[in-house]
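For the sequence shown, my numbering assigns the number 219 to the initial residue and increments by one for each residue that follows.
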Amino acid sequence: MTLQLVTPPAVEPVTLAQAKAYVRAGYDAEDDLILQLVRAARERVEAETGRALITRTYREVLDDWAVPGRFAPPGQLRLPMPPLIAVSGIVFLDADDAETEWPADRYVVDIDADPGRIAVRGRSTFPRPPRAVAGIRITFDAGYGTEPEDVPSALRDAVLRLTAEGYARREAVGNSPLPLSVQALLAPYRRVRV
Numbered sequence: 219m220t221l222q223l224v225t226p227p228a229v230e231p232v233t234l235a236q237a238k239a240y241v242r243a244g245y246d247a248e249d250d251l252i253l254q255l256v257r258a259a260r261e262r263v264e265a266e267t268g269r270a271l272i273t274r275t276y277r278e279v280l281d282d283w284a285v286p287g288r289f290a291p292p293g294q295l296r297l298p299m300p301p302l303i304a305v306s307g308i309v310f311l312d313a314d315d316a317e318t319e320w321p322a323d324r325y326v327v328d329i330d331a332d333p334g335r336i337a338v339r340g341r342s343t344f345p346r347p348p349r350a351v352a353g354i355r356i357t358f359d360a361g362y363g364t365e366p367e368d369v370p371s372a373l374r375d376a377v378l379r380l381t382a383e384g385y386a387r388r389e390a391v392g393n394s395p396l397p398l399s400v401q402a403l404l405a406p407y408r409r410v411r412v
């Protein structure tokens, strides 16, 4: 199972102006650094929560439908990086890399579930992929929306706080433990595995 980023987010969940105001940078000389810290903070928040903040497109490549921890109940598959916006296609590959699209009328996309999921329509089962390795490709969009304002304020605040932490300490955002205030902001959004 491989998750590939096809189209990255077009914007960050906080603007440069918001980040500069938060870290109290009144000049433009460090704009590139601040943008880098915002990106790193967003990536850290996404890694900690397992969520996509800003809309992007993923392709998940599977060997089979039975993905540990995500294939329950039978006939359903949970997709990573919620919230799910849409599934744009499911393709099967054969031994010669020829693609066959699975018709969208054969499955249901549940964007309201957290995480989002696809389910076989009716009482059928998932079709068997033509090849045993990397035979299924699912392309989908995930994220809270295309604009920073679409992202919940607690997650945006966590990005700002991590940006400020990196700016003050001048070290990579991913190398230090999360501050308790950031942990508290992220707690309701963390995905719990059972």
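For every residue, glycine included, the Cβ atom is placed at its ideal position computed from N, Cα and C. Computed from a prediction, not measured in an experiment: that's the story for all the values here.
- According to DSSP, Asp359 shares a beta bridge with Thr275 and Ala304.
- Counting along the chain, Val351 sits inside no alpha helix (DSSP H), nor does DSSP assign it H or E at all.
- Pro300 and Thr343 have their alpha carbons spaced roughly 24 angstroms apart.
- Beta-bridge partners of Tyr385 (DSSP): none assigned.
- In the DSSP assignment, Glu266 falls outside any beta strand (DSSP E) and lies within the alpha helix (DSSP H) extending over Asp249 to Thr267.
- Excluding residues up to 5 positions away in sequence, Tyr362 lie with their Cβ nearer than 7 angstroms to the Cβ of Asp368 in the same chain.
- Comparing alpha-carbon positions, the option among Gly287, Gly340 and Val224 lying closest to Arg324 turns out to be Gly340.
- Taking a contact as a CB-CB distance under 8 angstroms, the pair Ala237 and Leu396 does not count as one, their CB atoms being some 18 angstroms apart.
- When the Cα atoms are used, Leu380 and Ala322 turn out to be separated by approximately 41 angstroms.
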